DNA sequence: GGGGTTGGTAAGTAGTAACTTACGGTAAGT
DNA sequence: ACTTACCGTAAGTTACTACTTACCAACCCC
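Chains as they are written, first to last, in our numbering: chain A, 1 to 111; chain B, 1001 to 1111.
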């Protein structure tokens, strides 16, 4: 439930190109808001709003440093996303293997 | 480049709740379009449009069966998504460890 | 071949989301 | 204390997207 919500938020957050760009830069190394705004073709408030979405999705965290706010990656959020995708991946493969097996049986029974 | 495009499409595809629901049902077992439309609170054309997005993202494939079209999961697309996320995860962890190490050195040099 | 399924596409609409400018609020330097 | 730097939020606009109904094409059964 909550995992589903968090996952949906994560996917939604990473769906937007600008936000994914911000996320990747933050993941590479911590960044202040102004730094990101200088490197990107959007205004600083836009970056701020994107960071809020990423933060709500649990993908990044903010650390105050004077008047600046240093945003860094939140490994927990990324780990959760990865774990869910892994589980989903395994479940899908099982279903796939099962379907293939049934298909083989059908073919053996009706060649 | 192309991987980036595909990844963006995959994230965008899975960002929508209805589309993720469709994707999960298709991943569990192959479905026809009408089947999905019956189980979901949206019309059949809506399901068709969602399936087109998922198909363009390389997440599902369609197999004609008479007048019906059976949609099944595309393991390659899911594998690509998983691999990219894994790579991204490892890169991020490395950057994180590096930053932590530098932070430790700083603290040791300036206790 | 006609009637009945099954699905993809076109056109139109309502809701949402990404962006902008403008403003307020907090911390550091002089 | 006053200014300066940095950031988040509010309000408004534009673009996109998810959905609907209507229509058309392809395939199976009689």
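Idealized CB from N, CA, C, for every residue including glycine. Just so you know, these numbers come straight off a predicted model, no measurement behind them.
With a threshold of 8 Å between beta carbons, residue 75 of chain A makes contact with chain B. Annotation: the stretch 1013-1039 of chain B contains the following complete segments of the alpha helix (DSSP H) (minimum length 4 residues), in chain order: 1017-1028 and 1033-1039. Collapsing the DSSP output to three states places residue 1062 of chain B in a strand.
Per DSSP, residue 57 of chain A is not a residue of any alpha helix (DSSP H), being assigned neither H nor E. Identification of chain A residues near residue 1095 of chain B by a Cβ-Cβ cut-off of 7 Å yields 27, 28 and 29, ordered along the chain. DSSP links residue 1072 of chain B through a beta bridge to B:1061. Counting only the Cα atoms, residue 1029 of chain B lies some 8 Å from residue 96 of chain A.
For a Cβ distance threshold of 7 Å, residue set 11, 12 and 15 of chain A lies close to residue 1015 of chain B, ordered along the chain.
Taking C-alpha positions only, residue 88 of chain A is separated from residue 1025 of chain B by approximately 12 Å. The C-beta of residue 1086 of chain B has fewer than 16 other C-beta atoms within 10 Å across all chains shown, which makes the residue exposed. The Cβ of residue 82 of chain A sits closer than 8 Å to at least one Cβ of chain B.
Identification of chain B residues near residue 8 of chain A by a Cβ-Cβ cut-off of 8 Å yields 1015, 1017 and 1020, ordered along the chain. Assignment of residue 43 of chain A by DSSP, reduced to helix, strand and coil, places it in the coil class. Here the alpha carbon of residue 1076 of chain B sits roughly 20 Å from the alpha carbon of residue 1069 of chain B. With a beta-carbon spacing of about 12 Å, residue 21 of chain A and residue 51 of chain A fall beyond the 8 Å limit used to define contacts.
Within the same chain, Cβ atoms closer than 6 Å to the Cβ of residue 1063 of chain B are found at 1070, the five residues on either side in sequence being excluded. Taking 8 Å as the cut-off, the beta carbon of residue 1048 of chain B is found closer than this to the beta carbon of residue 1033 of chain B.
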